[in-house]
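Residue numbers -25 to -1, 1 to 474, in mature numbering (1 follows the signal peptide of the UniProt record, and there is no 0), belong to the letters of the sequence shown in order.
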Amino acid sequence: MTTAIGYALLMTFTVLLSYTSLSHGLLQDPRRISHGLSASGKYLTRDELWFNQTLDHFSPYDHRKFGQRYYEYLDHLRVPDGPIFLMICGEGPCNGIPNDYLSVLAKKFEAGVVSLEHRYYGKSSPFNSLATENLKYLSSKQALSDLAAFREYYQASLLCCFCNDSLNVKLNRSGKVDNPWFFFGASYSGALSAWFRLKFPHLTCGSLASSAVVRAVYEYFEYDQQQIGESVGPECKPVLQEINKLVELGLKVNNKAMKALFNATELDVDADFLYLIADAQVVAVQYGNPDKLCVPLVEAKKNGSDLVEAYAKYVREYCVEVFGLSSKTYSRKHLLDTRITPESADRLWWFQTCTEVAYFQVAPGNDSIRSHQINTEYHLDLCNSLFGKGVYPEVDATNLYYGGDRIAATKIVFTNGSQDPWRHASKQTSSPDLPSYIVNCHNCGHGSDLRGCPQSPMIIEGDSKNCSSPDAVNKVRQHIIEHIDLWLSECRGVLRSSM
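Laid out in structure tokens, this is it:
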């Protein structure tokens, strides 16, 4: 996640690289497009705006720029001094501002909403190729500086007070008057939200860090050991373990037939296929739908039905049809593809894990649900295969730089779903300046405070009514509201006193 964390030492790149290697057509003037609720209702807006972002924030000599996509929704904004909520986009394309619980908060606080796409992802790629040497500038540290530069640009603060598209111009006011800002993020972008408050406390009144993976983890066995096993329960866990053994045996008996059952014949490396098998188990639990996984499998076990067939049916009908899980995601041929495509996020996120945060989801030493072939050596081999020998995740340096789950910041709300396997990489202890809340319910998974439960990429909503315990979700949301209200009020006092 950051060049300062050490992977820059592993690669060679020169500032004298020709400007023509930057992706063509992205050095655009910012353009203002009308906004409004999208026809589908899933997004507040999908109208694209562009910002000319600095490629390397840490070089005094490299002044190259690239086009970074962002969105704005100002329908709820109280003019001229209402707050600005910045939703940070994470490790994937940013296709708009979702109409989830953030829109409820924006309406309540009379806030404008902006969202910035993460560098390299989606349409915000600085280069035409994702070759390893071009990924030098893909890091969390650069991403945080992107956010700071964008925030200053959009607000028309110190460095950008003469931008034609500045907020001061839009609100028809003169002088340097800052609106109070509040940052939001979930998962990796939740970590960015927390880290931004840590590194740039003067640029945001506070942050919501939902399911924020602030602790880089080299061998993340807790993902399975402490969470998946607990969440699926004592009946389902042994069934999953049996399925795993049957799949491994099936690979030895008839390799092609076993992979064909899961439409994964393109996966030549057996361990890559077993990673797919493990991830498919996780999808239902992580996103708040463990019953989709366990009910049919436990029933198949009781009925004496073919467990592998039952599991393959779950993968096809739920993981593939609902979540769009594809064996292609695990294909090394696909991950080696340096072209910019809609699926480039797979390669890009592996680069970030291979250089900064790891989160290697290895099989626990005992009582494992996933194959023991998914170990540390597997992950390191994959990293070297994709990005060259010597690539290594500087986990200790990452945690030293940001503080891990002992982050020394203030005014950050941490939230985690009780069933989310990623919560063990988040901050779960609470203090007055860093409150942390667990949303406790049977189907409260990843980012349930913002997205509700259960979740699906096809359904973007923040309604808590489908959670097994809506009161648990609403209670945490009320805490979030109280903290935002308090910190915005304190921030306004500081802003007024500085005028």
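Beta carbons are placed, not taken as given, at the ideal position from N, Cα and C, and that holds for glycine.
Cβ distance (whole Å) where residue i is taken to contact residue j below 8 Å
i	j	result
residue 186	residue 242	Between residue 242 and residue 186 the Cβ distance is about 29 Å, and since that is not below 8 Å, they are no contact.
residue 121	residue 91	7 Å
residue 403	residue 411	6 Å
residue 174	residue 119	6 Å
residue 24	residue 46	6 Å
residue 18	residue 73	6 Å
residue 320	residue 108	So it is not a contact: roughly 19 Å between Cβ atoms.
residue 406	residue 389	The pair is not a contact, with the Cβ atoms about 10 Å apart (cut-off 8 Å).
Exposure of residue i, with buried meaning 16 or more beta-carbon neighbours within 10 Å
i	result
residue 177	exposed
residue 154	buried
residue -24	Annotation note: pLDDT 40 at residue -24 (below 50); position unreliable, coordinate value reported separately. Residue -24 comes out buried.
residue 36	exposed
residue 424	buried
residue 270	exposed
residue 215	buried
residue 453	exposed
residue 366	buried
residue 381	exposed
residue 356	exposed
residue 116	buried
residue 281	exposed
residue 461	exposed
residue 228	exposed
residue 374	buried
residue 38	exposed
residue 4	Residue confidence is low: residue 4 scores 25 on pLDDT, short of 50, so the model does not pin down where it sits. Its coordinate-derived value is still stated next. It counts as exposed.
residue 463	buried
residue 166	buried
residue 317	exposed
residue 188	buried
residue 459	buried
residue 42	buried
residue 58	buried
Beta-carbon proximity list for residue i, same chain, < 6 Å, skipping 5 on both sides
i	result
residue 104	313
residue 137	In this predicted model, residue 137 has a pLDDT of only 39, less than 50, meaning its place in the structure is not dependable enough to derive any value.
residue 296	none
residue 465	none
residue 259	265, 267, 268
residue 226	233, 245
residue 212	204
residue 444	416
residue 430	262, 263
residue 467	155
Residue i, enclosing beta strand (DSSP E) - first and last residue
i	result
residue 129	Not the beta strand (DSSP E): residue 129 falls in the alpha helix (DSSP H), residues 115 to 130.
residue 20	18 to 20
residue 26	24 to 29
residue 156	156 to 161
residue 333	333 to 335
residue 374	It is not in any beta strand (DSSP E) - residue 374 instead sits in the alpha helix (DSSP H) that spans 370 to 377.
residue 183	182 to 185
residue 108	Residue 108 -> no beta strand (DSSP E), and no H or E assigned at all.
residue 194	192 to 194
Continuous alpha helix (DSSP H) stretch holding residue i: start and end
i	result
residue 63	Per DSSP, residue 63 belongs to no alpha helix (DSSP H); it is in the beta strand (DSSP E), 59 to 63.
residue 221	204 to 228
residue 352	351 to 362
residue 248	245 to 261
residue 320	320 to 327
residue 309	307 to 310
Close beta carbons around residue i, own chain, < 8 Å, minus the five adjacent residues each side
i	result
residue 230	245
residue 333	191, 192, 193, 194, 195, 354, 368, 370
residue 447	414, 415, 416, 419
residue 456	80, 83
Residues near residue i in its chain [Cβ-Cβ closer than 7 Å; skip 5 each side]
i	result
residue 179	156, 157, 158, 171, 172
residue 197	399
residue 290	237, 255
residue 499	Summary: the structure shown does not reach residue 499, with the chain confined to residues -25 through 474, and so no result is reported for it.
residue 347	338
residue 44	23, 25, 69, 92, 97, 98, 99
residue 324	66
Which ranges does the alpha helix (DSSP H) cover as unbroken runs of at least 4 residues, wholly within the segment 36 to 102, from first to last along the chain? 76 to 84
Write down every uninterrupted run of the alpha helix (DSSP H) in the segment 269 to 304 whose length is 4 residues or greater and which is fully enclosed by it, in chain order. 282 to 289
If you scan the segment 406 to 433 from start to end, which runs of the beta strand (DSSP E) of 3 or more residues do you find wholly inside it? 411 to 414
Residue ranges of each beta strand (DSSP E) run of no fewer than 3 residues wholly in the segment 379 to 403, ordered along the chain? 387 to 392
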